[in-house]
Amino acid sequence: MAVFVVVIGPPGAGKGTQAKKLSETLVLPHVSTGELFRDNIRDRTELGKRVEVIISGGVLVPDELTISLVRDRLRHSDCMPGVILDGFPRTPGQARALDEMLDEDGNRVVLVPHIRVRDEVILERLTDRRVDVRTGKTYHLKYNPPPPSAEVEQRPDDHPETVRIRIAEYYRNISPLLAYYTERGVLHEFDGEQPIKVVTSQLLAAVEAKTA
Ligand code: AP5
């Protein structure tokens with residue numbers, strides 16, 4: 000059975016951190032729409048030029064652009080055994096489109112971990128987050144400071160005022176998405192304020208229970 004997992008949660012919940020760990024342990028590709036968009040912006044593609052202002056403003060990219068980006072990525076052969084999706088879907092329209100894509104190959108989403116974190120924790124995590132432009136590694140100025148050799152920058156959407164907009168976008172869209180996956184019996188809640196390792200082991204146990 001192919002293993003399609005959809006990690007959802009507010010900005011800074013640890014979706015990327017946990018999706019990378021699941022991807023390494025389960026040997027499945029990690030597909031983050033945020034990262035795919037940032038790659039396009041860096042490479043100055045037509046898509047990148049269209050979405051740059053939207054993303055730096057902290058609001059969601061329109062469904063049709065996002066769905067087509069994911070559809071192209073899921074066609075790659077490395078996705079056949081399954082994928083750890085991070086940050087997609089974020090709207091019921093995206094969730095329906097994903098189900099249709101998977102259904103074409105007789106697949107389905109097996110688990111949707113919803114990682115919850117309070118707003119004040121999100122703000123602290125994101126406004127002090129820094130990313131090494133050469134390695135892509137993520138640091139935190141206070142809790143995980145970058146080494147002197149790192150060449151770090153702040154994501155344009157990590158400024159406090161944009162983080163607040165991103166949090167509002169999350170709350171605006173999350174209820175129907177949670178309802179969609181609750182109805183399908185795949186939604187599981189996780190406390191994202193626990194240590195990273197604890198969250199990872201809980202997620203792995205949940206995947207195992209769903210795929211045993
Ligand atoms: P995206 O890149 O997906 O941003 P996001 O959802 O706002 O999430 P982040 O990447 O900021 O946080 P994360 O949850 O991955 O946390 P992380 O692991 O880095 O999307 C960016 C933009 O692209 C969107 O705003 C939108 O414009 C567009 N977009 C993307 N997908 C879209 C879609 N489907 N539809 C429409 N538009 C879309 O962790 C954060 C920090 O916390 C790190 O420093 C980490 O080390 C630390 N940390 C993580 N876990 C813990 C822990 N347990 N304890 C302590 N610290 C922790």
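Quick note on numbering that gives the first Met the number 0: the sequence shown kicks off at 0 and runs consecutively. A virtual CB, placed ideally from N, CA and C, is assigned to each residue, including glycine.
Residue i: CB within 8 Å of a non-hydrogen atom of the ligand AP5
i       : result
Leu-125 : yes
Glu-51  : no
Asn-143 : yes
Ser-67  : no
Whether residue i touches residue j by CB criterion (9 Å)
i       : j       : result
Pro-91  : Leu-176 : yes
Arg-89  : Leu-59  : yes
Lys-20  : Leu-202 : yes
Ile-173 : Pro-9   : yes
Val-108 : Arg-183 : yes
Val-69  : Ala-94  : no
Leu-140 : Arg-154 : no
Counterpart residues of residue i in DSSP-defined beta bridges
i       : result
Pro-112 : His-187
Asn-143 : His-139
Ser-31  : Asp-85
Asp-156 : Per DSSP, none; premise fails for Asp-156.
Ile-53  : Its beta-bridge partners do not exist; DSSP assigns none.
Cβ contact (3+ pairs, closer than 8 Å) linking the stretch 2–22 and the stretch 81–101: Segment contact: the stretch 2–22 against the stretch 81–101, three or more CB-CB distances shorter than 8 Å; contact assigned.
Stretch-stretch touch, CB-based, cutoff 8 Å, three pairs: the stretch 33–51 with the stretch 162–176: No, the stretch 33–51 is not in contact with the stretch 162–176.
Segment contact, 8 Å Cβ cut-off, at least three pairs: the stretch 112–126 with the stretch 192–201: They touch, by the three-pair rule.
Contact the stretch 60–79 vs the stretch 140–160: 3+ CB pairs below 8 Å: Because the criterion of three Cβ pairs below 8 Å is not met, the stretch 60–79 and the stretch 140–160 do not touch.
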